[in-house]
Each structure stands twice: as C-alpha cells, then as structure tokens.
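Enquirer:
There are 2 protein chains.
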Amino acid sequence: MELEAVDLKAEMQRIGARIEARLDALLAPAQGDRGRVVEAMRYSALGGGKRLRPFLVIETASLFDVPAEMAERAAAAVEMIHCYSLIHDDLPAMDDSDLRRGRPSAHKAFDEATAILAGDGLLTEAFTVLAHEATHTDPSVRCRLVAELAEAAGQAGMVGGQMMDILGEGHPMTLEQISQMESLKTGALIRVAARFGGVLASQNSDIVATLDQYGRDLGLAFQIADDLLDAEASAEDLGKPVGQDAALGKATFVSLLGAEEARRRAGDLAERAAGRMASFGPKAGALQALARYVVERKG
Amino acid sequence: MELEAVDLKAEMQRIGARIEARLDALLAPAQGDRGRVVEAMRYSALGGGKRLRPFLVIETASLFDVPAEMAERAAAAVEMIHCYSLIHDDLPAMDDSDLRRGRPSAHKAFDEATAILAGDGLLTEAFTVLAHEATHTDPSVRCRLVAELAEAAGQAGMVGGQMMDILGEGHPMTLEQISQMESLKTGALIRVAARFGGVLASQNSDIVATLDQYGRDLGLAFQIADDLLDAEASAEDLGKPVGQDAALGKATFVSLLGAEEARRRAGDLAERAAGRMASFGPKAGALQALARYVVERKG
Numbered sequence: 001m002e003l004e005a006v007d008l009k010a011e012m013q014r015i016g017a018r019i020e021a022r023l024d025a026l027l028a029p030a031q032g033d034r035g036r037v038v039e040a041m042r043y044s045a046l047g048g049g050k051r052l053r054p055f056l057v058i059e060t061a062s063l064f065d066v067p068a069e070m071a072e073r074a075a076a077a078v079e080m081i082h083c084y085s086l087i088h089d090d091l092p093a094m095d096d097s098d099l100r101r102g103r104p105s106a107h108k109a110f111d112e113a114t115a116i117l118a119g120d121g122l123l124t125e126a127f128t129v130l131a132h133e134a135t136h137t138d139p140s141v142r143c144r145l146v147a148e149l150a151e152a153a154g155q156a157g158m159v160g161g162q163m164m165d166i167l168g169e170g171h172p173m174t175l176e177q178i179s180q181m182e183s184l185k186t187g188a189l190i191r192v193a194a195r196f197g198g199v200l201a202s203q204n205s206d207i208v209a210t211l212d213q214y215g216r217d218l219g220l221a222f223q224i225a226d227d228l229l230d231a232e233a234s235a236e237d238l239g240k241p242v243g244q245d246a247a248l249g250k251a252t253f254v255s256l257l258g259a260e261e262a263r264r265r266a267g268d269l270a271e272r273a274a275g276r277m278a279s280f281g282p283k284a285g286a287l288q289a290l291a292r293y294v295v296e297r298k299g
Numbered sequence: 300m301e302l303e304a305v306d307l308k309a310e311m312q313r314i315g316a317r318i319e320a321r322l323d324a325l326l327a328p329a330q331g332d333r334g335r336v337v338e339a340m341r342y343s344a345l346g347g348g349k350r351l352r353p354f355l356v357i358e359t360a361s362l363f364d365v366p367a368e369m370a371e372r373a374a375a376a377v378e379m380i381h382c383y384s385l386i387h388d389d390l391p392a393m394d395d396s397d398l399r400r401g402r403p404s405a406h407k408a409f410d411e412a413t414a415i416l417a418g419d420g421l422l423t424e425a426f427t428v429l430a431h432e433a434t435h436t437d438p439s440v441r442c443r444l445v446a447e448l449a450e451a452a453g454q455a456g457m458v459g460g461q462m463m464d465i466l467g468e469g470h471p472m473t474l475e476q477i478s479q480m481e482s483l484k485t486g487a488l489i490r491v492a493a494r495f496g497g498v499l500a501s502q503n504s505d506i507v508a509t510l511d512q513y514g515r516d517l518g519l520a521f522q523i524a525d526d527l528l529d530a531e532a533s534a535e536d537l538g539k540p541v542g543q544d545a546a547l548g549k550a551t552f553v554s555l556l557g558a559e560e561a562r563r564r565a566g567d568l569a570e571r572a573a574g575r576m577a578s579f580g581p582k583a584g585a586l587q588a589l590a591r592y593v594v595e596r597k598g
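One line per chain: the protein sequences are A and B, in this order. Under this note's numbering, think of the first position of the first sequence as 1, with each following residue one higher. Under this note's numbering, think of the first position of the second sequence as 300, with each following residue one higher.
1. From Ser599 of chain B to Gly315 of chain B, what does the alpha carbon distance come to, in whole angstroms?
2. Can a CB atom of chain B be found closer than 8 angstroms to the CB of Phe280 of chain A?
3. In whole angstroms, what separates the C-alpha of Ile58 of chain A from that of Ile477 of chain B?
4. Closest by CA to His171 of chain A, which one among A:Ile19, A:Phe253, A:Ala30, A:Gly249?
5. For Asp397 of chain B, I'd like the list of residues in its chain whose CB is within less than 7 angstroms of its CB, leaving aside the five on either flank, ordered along the chain.
6. Determine, using beta carbons only, whether Ala324 of chain B and Ile380 of chain B come nearer to each other than 8 angstroms.
7. So what does DSSP say about Arg372 of chain B, is it helix, strand or coil?
8. Exposed or buried, Leu175 of chain A, counting other C-beta atoms within 10 Å across all chains shown (16 or more means buried)?
9. Counting only beta-carbon atoms, is His82 of chain A nearer than 8 angstroms to chain B?
10. Could you list which residues in chain B have their beta carbon closer than 7 angstroms to that of Ser140 of chain A, in chain order?
11. Looking only at DSSP bridge pairs, what is Arg103 of chain A linked to?
12. Quick one, which of B:Arg575, B:Arg591, B:Gln330, B:Ile415 has its alpha-carbon nearest Arg562 of chain B's?
13. Work out the CA separation of Ala433 of chain B and Gln454 of chain B for me, nearest whole Å.
14. May I have the straight-line CA-CA distance separating Ala252 of chain B from Asp516 of chain B, to the nearest angstrom?
15. Just how far apart, CA to CA, sit Leu302 of chain B and Pro328 of chain B?
16. Just the chain B side, please: which residues come within less than 8 angstroms of Ile116 of chain A by C-beta, in chain order?
17. What residue range is occupied by the uninterrupted alpha helix (DSSP H) comprising Glu343 of chain B?
18. So that I know if they touch, is there some Cβ in chain A lying closer than 8 angstroms to that of Val337 of chain B?
19. If you compare alpha carbons, which of B:Arg596, B:Gln502, B:Asp511, B:Met472 is closest to Ala552 of chain B?
20. Of all the options A:Ile116, A:Gln13, A:Val208, A:Arg276, which has the alpha carbon lying nearest to the alpha carbon of Arg195 of chain A?
21. For Thr473 of chain B and chain A, any beta-carbon pair shorter than 8 angstroms?
22. Could you spell out where the alpha helix (DSSP H) holding Ala327 of chain B opens and where it closes?
23. Can you give the beta carbon distance from Thr359 of chain B to Ala153 of chain A, rounded, assuming they're within the 8 angstroms contact cut?
24. So Gly574 of chain B is in the alpha helix (DSSP H); what residue range does that whole segment cover?
25. For Leu290 of chain A and Gly48 of chain A, I'd like the C-alpha separation in whole angstroms.
26. Listed in chain order, which residues of the stretch 121-152 of chain A have Cβ atoms closer than 7 angstroms to some Cβ of chain B?
27. By Cβ distance, which residues of its chain are closer than 6 angstroms to Arg414 of chain B, with the 5 residues on each side in sequence left out?
28. List, from N- to C-terminal side, the beta strand (DSSP E) runs of 3 residues or more that fit wholly inside the stretch 158-214 of chain A.
29. Which of the three DSSP states, helix, strand or coil, is assigned to Phe521 of chain B?
30. Whether or not the stretch 264-273 of chain A and the stretch 220-228 of chain A are in contact is what I'm after, with contact meaning three or more pairs of Cβ atoms, one per stretch, closer than 8 angstroms; do they touch?
31. Can you find a CB in chain A that lies within less than 8 angstroms of the CB of Ile465 of chain B?
32. In the stretch 14-48 of chain A, which residues sit with their C-beta less than 8 angstroms from some C-beta in chain B, listed in chain order?
33. Which chain A residues are close to Val458 of chain B, counting only those with a beta carbon under 7 angstroms from its beta carbon?
34. Just tell me which of A:Lys298, A:Arg297, A:Arg272, A:Lys283 has its CA closest to the CA of Asp65 of chain A.
35. Report the neighbours of Met12 of chain A on chain B: residues whose CB is nearer than 7 angstroms to its CB, in chain order.
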C-alpha cells in the first residue's frame, strides 16, 4: 500500500509530463489577433491539473500495449474536453468562479469573450486530434473515438450534467438526482477515458465494459471525495474556492449522506473499482492504486 | 435569369424543409432538467435561417449522386456548427445581440448559462452526427469530414475569426485584415460546406479544390453583401439589428470601399464563383444561381 502510493505518484508525474508536452505541441501558438485565443487555450490546458483523465487513457492503453503516440494523442483530446468544460463552467453566467488550479480562471486572466472562445476552441481541437491518422491507423477506430468522446461531452453527457447542476441550485436535489447529475457532468468523461485504452486496442465488448465499470465506480468515488474536500479542505490545498456548495445551498453527497457515510461509500466504490482491474494482472497496478488514491487525496 | 431565380427559391425551400426535418430528428427532445439545454439547442437550430451552408452541402453532393441521407446528415452537422456560432456570438460578452432570425436570441429566450451550454451542445453534436456510420459507409471519409469541419470551426477558422473580429472593435482594420478575418469567421465554414459534396463522393483533389474556390468566392461575396445589407436594409427585412457595424465603429468592406465599389466586387466574385461551376454542367445550375442570389438578396 505504501509502495503503491509512492509508485503512483511517480507514475502520475511521469504521465503528466508526457501529456503536458503533447498538449504543448498540439496547441502551437498562433500569430496576430487570432493568437490571443490560442494563448487562452494554452493558459487553460497547460501547466497544471492532476491529469486524471489522460492518466486513465494512458494506463488503460498500456494494458494492451497501444503505441505511446496514439495513447498520448487520445489522452490529450480527452484533457482538452475537460479543460474546455472548466473554462465554461467558471464563467460568470455559470459557476462564476475566479480561481482555478491556484491561478485566475480564464475569464479573469483574459476576458469573458476570449474565455468563451478558448473553450469553444479546445472543444473543437479535441476532434481535430482524434480524427487525425496519427491517432490510429484504422479510421474506424478513430471514428469510434470521436463518437464516444462526443457523446460523453454533449447533451447526453457533460453538457446535460452541467445543465442539471445549474438548475439544481434552485431546487436542492435528492441523492438519486445528484447521482444522475454527477454521472453525466463528471462521470461520462472519466468513463470514456477509461474505455479509450480498450477502444484504441480494438478489444472486445466485455473488456471495454469492464473498463467502463471501473471508470464509473472511480468517477463516482472521485466525485464523493470532491464533495468531502469542498466541505473540509482549505482553498490553499485545493487551488480553488471551497465551501461553494454550501454557500450556494446545493445538495451534495456530503450534505445528504453525512461525511462519515459519504467517506464509507467512496471507499467501497474505490475498492470495487480496484477489484475490477484484478483480471488484468500486474500491469493494472497503477489503475488499482489510482482508485484508492482518489478517495485518500487531500487536494 | 428570371427562371433561375424562381427555381433557386423553390430549391432552397425544398432543401430547407429537408434540413429542418433532419435536424428535428437528430435533436430529439430529452426528459428532465437536461431537457432544457436540448430545448435551447432546438430553439436555435430549428425554424429559421436561409440554410445556406446545408444548401451547399446538398447541392455539391448532388453533383456526384451522393445518397440523400448521407448528404443531409453532413449538411445538418455543418448547420449545427453555424447555429452554435450564432448563439455564442450573440452572448452579452461577445456581440451582445438580442435579436436573431426575427426572434429573441438564445440567451434572451432562455438565459446566458443555458445559451452557452446549448452552443457547446450543438458544437459537440455535429461530431456525433459525422462520426456515425449512417453518414458514410467508409470510416476514412467520416474521419475526413470530422477533420475538415473541426479545422473550419476551430481556432484556425471560425473561432479565430471571431477573436479577430472582437479585437478589431478596438482598432479599425485595414481591407486586408478584414478580408483575413472574414475568411476565417464566415469563409472557412462556407468553404467546407462546398467541399463536403466532393469529400462525401471521394472526388479527386482537383475537384475538391474547385469546390473550395467556389466556396471561397461565394463566401466573400456573401460577406460583402451582408455588410451592404447592414448599412442599408431595415431591421424588419433582416430579422436582426442593423447599423451595428457603424455603431461599434467597426471597419467593414462598405466603410473602406464605399457602397458602389463593394457592390461591384461582390458582383465580380459571384460571377467568378458561378463560372467555376460551369464544368459540372446543368446539375450545377442551382449553385450558379445561388452565387448570383447572395449578392442580390434583400435579407
């Protein structure tokens, strides 16, 4: 357990550096007035974040020996979608959040118009990356990556979940409603990141389903842990404002279950996620360690 | 000329109805809180617009006898991108426009958060549609459609052009700068719409280049004509506010060239676009008529 935790940290840093370099190369600066939106895209995509979703793509891809470039490109596309969603969620008309990853959020560092466009640009660029032949030699695999990412990101996934979250501010949600909202808002993208290794390697539907279930359990554990952190951690630890849920009168897993029960559920989900990876043997060690880490982290 | 104009109007109405039905089917209403964002996507995508870009996809596809369903799906994807860009451009932080197609713009009919999400949803849905096998039997063609649409929509296209347009409010642009801005902001998507017929039919690069050049000339003619309408037409004719460019102190083709020279250039571009279609014979009649129509229209 101690050894796993140390290895995981090193593995996350190693993969984080690869993703940083890949994003840096994919988002090349542009000249002229257009350069400003690319600068904002780079500001939001580079230099920070846990890179949880890229880590899932890279690690599930490594179960099946997918070449590094393909895995990194798919991982970068998923991270672009994540970063776009953070930019738009932080906007004054949405969650109105001025701080992100310990820095001013995009609309504060630039301006609202530039932030909206930077989000649009990252969302679009993700599909440019996936459709390119460098991402996979088989175009039917590339189409599947595009289709799965678009579904996870769109109105049936992340966009729909954010809509539910915003409307939930007006009428505090039940546990079932929160679970459904989170499964769309954050769960769908985490699941697709976990699936991508299997999709890149053209694995059968049973294997992709196992990866999907791992991602589902992990994503929910992650979200419950996030609620616990929002309720208990300091802004300095998190690099973003805390206590926001309570301030907005939002129901959360913690407010509905209590901290103790929420922590117990997150732990159970993490163990179940780790258990699902057992059949992949030692190669899945980092994915198992990750499941335990997401509920134990302090930021 | 008279006959062409009558035929074009009927053809545009016929294709507009097919696109309306296709978008209606692709954007099925959703239940629950998530339904609100889908409602806003439908509000913005259905019930209006000239459907210029879908018309280009359908008509260029018909040059090569592409099956109707494939052409309509590709056309609907392009129109989703166009509609998303209108929603986001109209936002208070961008052009702050309350009227669109004679109705309240999305953030007035709903609210800002819902409008941002509806734009995000339409942008994402376009790629869901293109990646689906119903759009083309050959996955390499579907990947190419995704790649070309993403490039036209992203920071190297529409997003970059909108950034240039916004920054241009601060320092009035030269003719060269306006041409470059418009070629990204509106030109890139019109060009890709014209190319799509050739891409769907796997035509050689010479033919796709001819379609591209037609789209480039048509797009620029369209934009110059738009500037003339903004300077001269009434809000009732256009279904959106007029005189906005002058009010914002923006340089336009009309302010830089004068109305007479702008009208002459638009006419020349339209004739050149029409001429490029001559080699395709009678099947290209509607595309030729369209080129002339965009500079003669009153709204």
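A virtual CB, placed ideally from N, CA and C, is assigned to each residue, including glycine. Since the model is a prediction, treat every value here as computed from it, not as a measurement.
Expert: Reading off the structure:
1. In the structure displayed, chain B extends from 300 to 598; residue 599 of chain B sits before or after that span and is not available.
2. What you label residue 280 of chain A is simply residue 280 of the first sequence in a count that begins at 1. So, not an interface residue.
3. The sequence position of residue 58 of chain A within the first sequence is 58, counting from 1. The sequence position of residue 477 of chain B within the second sequence is 178, counting from 1. Approximately 43 angstroms between the Cα atoms of the pair.
4. Residue 171 of chain A sits at position 171 when you count from the first residue of the first sequence. Answer by Cα proximity: A:Gly249.
5. Indexing the second sequence from 1 puts residue 397 of chain B at position 98. Here the set comprises Pro403, Ser404, Lys407.
6. As a first step, residue 324 of chain B is located in the second sequence; it is residue number 25 there, counting from the start. As a first step, residue 380 of chain B is located in the second sequence; it is residue number 81 there, counting from the start. No.
7. Here residue 372 of chain B refers to the residue found at position 73 of the second sequence. Residue state, collapsed to three classes: helix.
8. Stepping through the first sequence from its first residue, residue 175 of chain A is reached at position 175. Looking at its Cβ environment, which holds fewer than 16 other Cβ atoms inside 10 Å, Leu175 of chain A is exposed.
9. Taking the first sequence and counting its residues from 1, the one referred to as residue 82 of chain A is at position 82. So, not an interface residue.
10. Here residue 140 of chain A refers to the residue found at position 140 when the first sequence is read from its first residue. What Ser140 of chain A touches in chain B: Pro438.
11. Position 103 of the first sequence holds residue 103 of chain A. According to DSSP, which records beta bridges pairwise, Arg103 of chain A is partnered with A:Arg100.
12. By one-based count along the second sequence, residue 562 of chain B stands at place 263. The residue with the shortest Cα to Cα distance from Arg562 of chain B is B:Arg591.
13. The residue given as residue 454 of chain B occupies position 155 in the second sequence. The residue given as residue 433 of chain B occupies position 134 in the second sequence. Their backbone Cα atoms lie some 28 angstroms apart in a straight line.
14. For residue 252 of chain B there is no data in the structure shown, the boundaries of chain B being 300 and 598.
15. By 1-based counting over the second sequence, the position of residue 302 of chain B is 3. By 1-based counting over the second sequence, the position of residue 328 of chain B is 29. Below a pLDDT of 50, predicted positions are generally treated as unreliable, and Leu302 of chain B, at 47, falls in that range; no measurement from the model is reported.
16. As a first step, residue 116 of chain A is located in the first sequence; it is residue number 116 there, counting from the start. Those are His387, Leu390, Ala392, Met393, Ile415, listed as they occur along chain B.
17. Counting from one through the second sequence, the residue named residue 343 of chain B turns up at place 44. Note on identity: in this sequence residue 343 of chain B is Ser, with Glu being the wrong assignment. Looking at the DSSP string, the run of the alpha helix (DSSP H) that includes Ser343 of chain B is 334-344.
18. Mapped onto the second sequence, residue 337 of chain B falls at position 38. Chain A, which has a Cβ nearer than 8 angstroms to the Cβ of Val337 of chain B, makes this yes.
19. Taking the first residue of the second sequence as position 1, residue 552 of chain B is located at position 253. First, the residue type needs correcting, since residue 552 of chain B is Phe and not Ala in the sequence shown. Among B:Arg596, B:Gln502, B:Asp511, B:Met472, the Cα nearest to that of Phe552 of chain B belongs to B:Met472.
20. Working through the first sequence from its first residue, we reach residue 195 of chain A at position 195. The residue with the shortest Cα to Cα distance from Arg195 of chain A is A:Val208.
21. In the second sequence, counting from the first residue as 1, residue 473 of chain B sits at position 174. So, not an interface residue.
22. The count along the second sequence starts at 1 and reaches residue 327 of chain B at position 28. Segment: none, Ala327 of chain B is in no alpha helix (DSSP H) and carries neither H nor E.
23. Here residue 359 of chain B refers to the residue found at position 60 when the second sequence is read from its first residue. Here residue 153 of chain A refers to the residue found at position 153 when the first sequence is read from its first residue. Thr359 of chain B to Ala153 of chain A, Cβ: 29 angstroms. No contact.
24. What you label residue 574 of chain B is simply residue 275 of the second sequence in a count that begins at 1. Where Gly574 of chain B is concerned, the enclosing alpha helix (DSSP H) stretches over 558-575.
25. Stepping through the first sequence from its first residue, residue 290 of chain A is reached at position 290. Stepping through the first sequence from its first residue, residue 48 of chain A is reached at position 48. Rounded to whole angstroms, Leu290 of chain A to Gly48 of chain A spans 18 angstroms at the Cα level.
26. Residues Gly121, Leu123, Thr124, Glu125, Phe127, Thr128, Ala131, His132, Pro139, Ser140, Arg142, Cys143, Val146, Ala147, Ala150, Glu151.
27. Here the question's residue 414 of chain B lines up with position 115 in the second sequence. The question names Arg, but residue 414 of chain B is Ala in the sequence shown. These residues qualify, in order along the chain: Ile386, Ala405, His406.
28. Counting only runs of 3 or more, we get nothing.
29. Translated into positions along the second sequence, residue 521 of chain B becomes position 222. Phe521 of chain B: helix per DSSP, three-state reduction.
30. yes
31. Taking the first residue of the second sequence as 1, we reach residue 465 of chain B at position 166. By this cut-off, Ile465 of chain B is an interface position.
32. Ala30, Gly32, Asp33, Arg34, Arg36, Val37, Val38, Met41
33. Translated into the one-based positions of the second sequence, residue 458 of chain B becomes position 159. Those are Val37, Leu117, Asp120, Gly121, Thr124, listed as they occur along chain A.
34. Numbered from its first residue, the first sequence carries residue 65 of chain A at position 65. Comparing C-alpha distances from Asp65 of chain A to each of A:Lys298, A:Arg297, A:Arg272, A:Lys283 shows the shortest one belongs to A:Lys283.
35. Residue mapping note: residue 12 of chain A aligns to position 12 of the first sequence, counting from 1. Within chain B, no residue comes near Met12 of chain A; the closest Cβ sits about 28 angstroms away, beyond 7 angstroms.
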